[in-house]
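Undergrad: Residue numbers for the sequence shown follow our numbering, so the first one is 6 and each next one is one higher.
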Amino acid sequence: MALVTTTEMFKKAYDGGYAIGAFNVNNMEIVQAITEACREENAPVILQVSKGARAYANHTYLVKLVEAAAIECPNIPIALHLDHGDSFETCKSCIDGGFTSVMIDASSHSFEENIAITKRVVEYAHDHGVVVEAELGSLAGIEDEVNVSAEAASYTRPEEVEEFVARTGCDSLAIAIGTSHGAYKFTPEQCTLNEQGILVPPALRFDVLEEITKKLPGFPIVLHGSSSVPQNYVAMVNAHGGKMPNAIGVPEEQLRKAAGLSVCKINIDSDLRLAMTGTIREYFDAHPDHFDPRQYLKPARNNIKEMVRHKLINVLGCAGKA
Ligand SMILES: [Zn+2]
Numbered sequence: 006m007a008l009v010t011t012t013e014m015f016k017k018a019y020d021g022g023y024a025i026g027a028f029n030v031n032n033m034e035i036v037q038a039i040t041e042a043c044r045e046e047n048a049p050v051i052l053q054v055s056k057g058a059r060a061y062a063n064h065t066y067l068v069k070l071v072e073a074a075a076i077e078c079p080n081i082p083i084a085l086h087l088d089h090g091d092s093f094e095t096c097k098s099c100i101d102g103g104f105t106s107v108m109i110d111a112s113s114h115s116f117e118e119n120i121a122i123t124k125r126v127v128e129y130a131h132d133h134g135v136v137v138e139a140e141l142g143s144l145a146g147i148e149d150e151v152n153v154s155a156e157a158a159s160y161t162r163p164e165e166v167e168e169f170v171a172r173t174g175c176d177s178l179a180i181a182i183g184t185s186h187g188a189y190k191f192t193p194e195q196c197t198l199n200e201q202g203i204l205v206p207p208a209l210r211f212d213v214l215e216e217i218t219k220k221l222p223g224f225p226i227v228l229h230g231s232s233s234v235p236q237n238y239v240a241m242v243n244a245h246g247g248k249m250p251n252a253i254g255v256p257e258e259q260l261r262k263a264a265g266l267s268v269c270k271i272n273i274d275s276d277l278r279l280a281m282t283g284t285i286r287e288y289f290d291a292h293p294d295h296f297d298p299r300q301y302l303k304p305a306r307n308n309i310k311e312m313v314r315h316k317l318i319n320v321l322g323c324a325g326k327a
């Protein structure tokens with residue numbers, strides 16, 4: 006199957022009460038891990054590439070790796086998406102270069118400028134059969150070149166979404182309801198302690214999501230910054246020479262709840278990074294004499310694959326939906 010847009014995926018996900026996983030890809034092992042899990046679980050998938058990924062791996066390599074995955078996984082729909090396009094030019098080069106979906110993130114601009122920039126991308130994208138994700142509101146946290154302090158972050162204003170979507174013609178909308186980029190989504194001060202003495206992050210603002218859904222019935226909503234930062238991998242990193250104190254993510258049951266509502270795309274990146282880094286650190290500790298990259302990349306790839314499988318089945322609900 007050739008690469009597809011997200012239109013059909015999102016329609017089915019909305020009606021079916023599940024979400025599509027949007028996983029960031031940066032190299033061959035990550036592409037293989039994600040798509041092998043999706044192939045085995047018969048799940049549709051979005052592989053997304055950030056500006057940082059294009060700078061690291063080169064546009065052509067990434068497109069060809071994803072096209073190779075589509076050949077190896079002919080029975081599942083795969084979309085290739087630009088994550089956080091920062092300008093018309095970046096979006097255009099991806100639209101011209103084989104992507105089926107782009108995000109234009111002009112959320113740091115004023116409402117009117119966000120509309121103008123997004124509309125320009127939508128017009129070019131739709132002329133070329135490509136769909137567009139836009140953003141209103143801003144998430145806290147750090148992801149590649151996107152860096153927003155907790156003070157500068159703001160929830161999406163439900164009263165703005167209808168006008169924004171109508172005037173831009175965007176195909177999906179990323180909103181801010183309390184998720185956050187990176188592996189340090191919440192400070193310990195923002196969290197509460199449960200009976201076991203474990204930090205529990207603040208709940209997502211489902212009231213805001215509900216208001217937005219009322220204004221945009223049937224319209225696909227996107228959640229960025231939705232890694233859960235599994236504590237077993239944080240512990241693995243820290244046990245083998247790493248230093249990631251107080252790494253905290255969004256609880257998986259909250260994401261599952263969002264997936265059952267109007268959220269059709271959930272972005273996951275940090276969890277894959279953690280699985281890879283934890284596994285490689287542990288491997289190096291256990292085998293200080295090994296130096297063949299295949300030896301440590303193989304278990305890393307396998308652990309990413311198992312993490313993706315877990316997300317498809319238990320968090321996104323998209324297993325069996327290809
Ligand atoms: Zn993001």
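For glycine and all other residues, C-beta sits at the position ideal for the given N, C-alpha and C.
For clarity, every value in this text was computed on a predicted model and none was experimentally measured.
Between Ser143 and Ala158, which are expected to be in contact by the criterion C-beta below 8 Å, what is the C-beta distance as a whole number of angstroms?
TA: Right, the Cβ-Cβ distance comes to about 5 Å (below 8 Å), so this counts as a contact.
Undergrad: Grab me the residues of Lys284's own chain with a C-beta within less than 6 Å of its C-beta, minus the 5 sequence neighbours each way, in chain order.
TA: First, the amino acid is wrong: residue 284 is Thr here, not Lys. These residues qualify, in order along the chain: Pro304, Ala305 and Asn308.
Undergrad: Does Phe28 come out as helix, strand or coil in the three-state DSSP assignment?
TA: Phe28: strand per DSSP, three-state reduction.
Undergrad: What three-state label does DSSP hand Lys326 in the structure shown?
TA: DSSP places Lys326 in coil when its eight states are reduced to three.
Undergrad: Using 10 angstroms around the beta-carbon of Pro79, count the other beta-carbons present and answer buried if the total reaches 16, otherwise exposed.
TA: Looking at its Cβ environment, which holds fewer than 16 other Cβ atoms inside 10 Å, Pro79 is exposed.
Undergrad: Can you give the Cα-Cα distance for Lys262 and Met312, rounded to whole angstroms?
TA: Cα to Cα, the separation comes out at about 19 Å.
Undergrad: What does Asn152 pair with, by DSSP beta-bridge criteria?
TA: Asn152 pairs with Ile147.
Undergrad: Out of Met14, Pro82 and His186, point me to the one whose CA is closest to Ile39's CA.
TA: When each option's Cα is compared against that of Ile39, the closest is Pro82.
Undergrad: At 3 residues or longer, what runs of the beta strand (DSSP E) sit wholly inside the region 296-324?
TA: Within the region 296-324, no complete beta strand (DSSP E) run reaches 3 residues.
Undergrad: For Glu216, does the three-state DSSP call read helix, strand or coil?
TA: Glu216 falls in the helix class under three-state DSSP.
Undergrad: Using only alpha-carbon positions, find the residue among Tyr189, Tyr19 and Arg44 that is nearest to Leu204.
TA: The candidate whose alpha carbon is nearest that of Leu204 is Tyr189.
Undergrad: Could you tell me if the beta carbon of His245 falls within a distance shorter than 6 Å of some heavy atom in ligand 2?
TA: Summarising the ligand content, the structure contains ligand 1 and does not contain ligand 2.
Undergrad: For Glu140, which residues does DSSP report across the bridge?
TA: Note: Glu140 sits in a beta bridge opposite Ala179.
Undergrad: Name, in chain order, the residues that DSSP records as bridge partners for Lys17.
TA: In DSSP, Lys17 forms no bridge with anything.
Undergrad: For the alpha helix (DSSP H) holding Cys78, just list the boundary residues, first then last.
TA: Segment: none, Cys78 is in no alpha helix (DSSP H) and carries neither H nor E.
Undergrad: Would you decide whether Phe296 is buried or exposed? Buried here means 16 or more other CB atoms lie within 10 Å of its CB.
TA: Per the 10 Å Cβ criterion, exposed.
Undergrad: Could you name the residues of the same chain whose beta carbon sits closer than 7 Å to that of Ile318, not counting the 5 residues immediately before and after it, in chain order?
TA: Hits under 7 Å: Glu46 and Ala324.
Undergrad: Inspect the CB distances between the region 159-167 and the region 202-218 and report whether three or more fall short of 8 Å.
TA: In short, these stretches touch, since the Cβ pair count reaches three.
Undergrad: To test your reading of the DSSP string, which unbroken beta strand (DSSP E) runs of 3 or more residues are found completely within the region 31-103?
TA: Counting only runs of 3 or more, we get 50-55 and 83-90.
Undergrad: Using the three-state DSSP reduction, which class does Ser231 fall into: helix, strand or coil?
TA: If DSSP states are grouped into helix, strand and coil, Ser231 belongs with coil.
Undergrad: Please indicate yes or no: does the CB of Glu4 lie closer than 6 Å to some heavy atom of ligand 1?
TA: Nothing can be reported for residue 4: it is not among the residues displayed for the chain, which extend from 6 to 327.
Undergrad: Which one or two residues does DSSP pair with Ser106 in a beta bridge?
TA: Ser106 is bridged to His86 and Val136.
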